[in-house]
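Notes to accompany the following structure.
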Amino acid sequence: MRTKHLIPNHAAGLTYANAYAAAREGHGGGGVDPFGAFPDAVLGLIVSKLPFRSAVASSAISRRWRGAVAAAPALDLDFAAAFPAAPRRRAAFAAAAAAALAGSRRHPLRRLRLALDGFFDQAFAASAASHVASWLAAAAARGVEQLELHLPRSRLAVIPPSLLACTDLTSLTLRLDHNALPLPSLCLLTRLSRLHLASVSLVGCGDFFEDLCSHCTQLSCLILEQCHIGALRLAGAPQLCSLDIASCSWTEQSSIAIAEMPALRTLRYSGAMANRHMINGADSLDEVVLAIEKPQALLEPNLRELLALVGNVRSLVLSPWCIEVRLDKVRRLACIIERREEGALSIAPLLTSCPNVQELSVSVVPSQSKRRRCSDSEVQYRVIGGRGMIVRNLREIRMEYIDESKSGLDLVKLLLKKAQMLEMMTIVPSMDGLEQAKFRRRVLKFRKASRNVNIQFCATA
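Numbering of the sequence shown is given in UniProt numbering, commencing with residue 1 and proceeding in unit increments.
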């Protein structure tokens, strides 16, 4: 097996065996450091793979290793992980972090992660804020490209101005534990291509997104995770191709406005839903994921309007709410169901709305705690609702964690009966052994509209 591509600098002859042999020949076989011949870049790459506490301890190996941490291309400064049993060692952590970031521009810093949970103690908070500012200034001097900053909920845990000095940043992650503090404008970070905001209060931050879209023209990925949002307005970002809004909370008068996004290809929207959506130019979308919580009766028109705006794409993943909207462009449809009995046959109205689907994936959450039997009238209603279903183009079906309940068997039976072009059906049952064998025999007896269909049963997903 060829392993030169697995070991850094192996092709140049910088191996442990070669270094150890050269050291023994040059010093008469005495006790020497076999890593003495390695350059600082190689030693820095080695310690970058270690936890921060172990990387700092490596300086005790020999004099040659004392500057290895300062030459590391990636650093993970996690205070809680470095001192899990000694949370009072904040001064020692600050000194070690300052020494690790004190490298020169000759050793560029590619990736830096600062996780400071527990670092802002009440007596240490003032000096902790100054330490964070100096660390970011040192990282900016080394040309940091990827930065992940986790700040705890504290009055003094603010984003220092030295963050804006990191003008070489291409990826930025800010996790602020819902601090009610205004975000600084990132207009100076013109090379930014990926921005991830987590647990950030974005109420009243309209100018922030306006400056972001107008100055960070290379931004291609925007992720908003568990943020509190009032109004989200995105316009004029020519390179933005992926937008992810995950588990955010919204104010009573919340809204989402998206316009002038010619490169937007992927939209992922999960959790709670805003009250109003204004999306212009959604024709560029290719993949949409709508894993939205089941809306209240008052919000159902908003969900129907949202699905009409962004749902007519090639690949669609959504919760199986029965919304009658015509979606002719959908070629790949994926549905996630929380309850086997309640959700299986609710797929039928969606398939009726998507007549050109070629690939269907149905996944049931494998949790027995969520099972709840539905009445016979509910099942009968859904069976009747599937009579008008048209799936003339359906060729491939994958069903995960389907059981032998009536709704699960009815869905399998309905798809086999209606899909005339079906070529492959893959079923991952939720039972084992004898029950799976009975389920398999019952499925194979169903009437099949396609003569070329191949039904496979897999043990795992």
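We treat Cβ as the ideally placed atom computed from N, Cα and C, and that holds for glycine.
DSSP places Asp-328 in the coil class of the three-state scheme, outside both helix and strand. Of the residues assessed, Pro-349 falls on the buried side of the cut-off, its CB having 16 or more other CB atoms within 10 angstroms. Under the DSSP assignment, His-131 falls in the alpha helix (DSSP H) whose first and last residues are 125-141. A contact between stretches requires three or more CB pairs, one per stretch, nearer than 8 Å, and the stretch 178-188 fails this requirement with the stretch 138-146.
In the same chain as Leu-240, and ignoring 5 residues on each side of it, the C-beta atoms closer than 7 Å to its own belong to Leu-219, Ser-220, Leu-222, Met-261, Ala-263 and Leu-264, in chain order.
Annotation: Arg-153 to Asp-78 spans about 16 Å, alpha carbon to alpha carbon.
Distance check between Leu-316 and each of Gln-296, Arg-304, Ala-291 and Glu-300 places Ala-291 closest, using alpha-carbon atoms only.
Comparing alpha-carbon positions, the option among Arg-331, Ile-61, Val-288 and Leu-309 lying closest to Ser-319 turns out to be Val-288. By the CB criterion at 8 Å, Asp-283 and Arg-314 fall outside the cutoff. In the DSSP assignment, the residues bridged to Asp-76 are Arg-113.
Shown here, Gly-311 sits in coil according to DSSP, grouped into three states, outside any helix or strand. For Phe-120, there is no enclosing alpha helix (DSSP H), as DSSP gives it neither H nor E. Under DSSP, Met-424 shares a beta bridge with Glu-396 and Asn-454. In the three-state scheme derived from DSSP, where H, G and I count as helix and E and B as strand, Ala-348 is classed as helix. Per DSSP, the beta bridge partners of Gln-146 are Arg-111 and Ser-171. Cα atoms of Arg-392 and Leu-309: separation of roughly 25 Å, rounded to the nearest angstrom. With a cutoff of 8 Å on beta-carbon distance, Ser-199 and Cys-227 are scored as near each other. The beta carbon of Ala-157 sits closer than 6 Å to the beta carbons of Phe-120 and Leu-151 from its chain, once the five residues preceding and following it are set aside; these are given in chain order. Judged by their CB atoms, Ala-272 and Arg-233 are not nearer to each other than the 8 Å cut-off.
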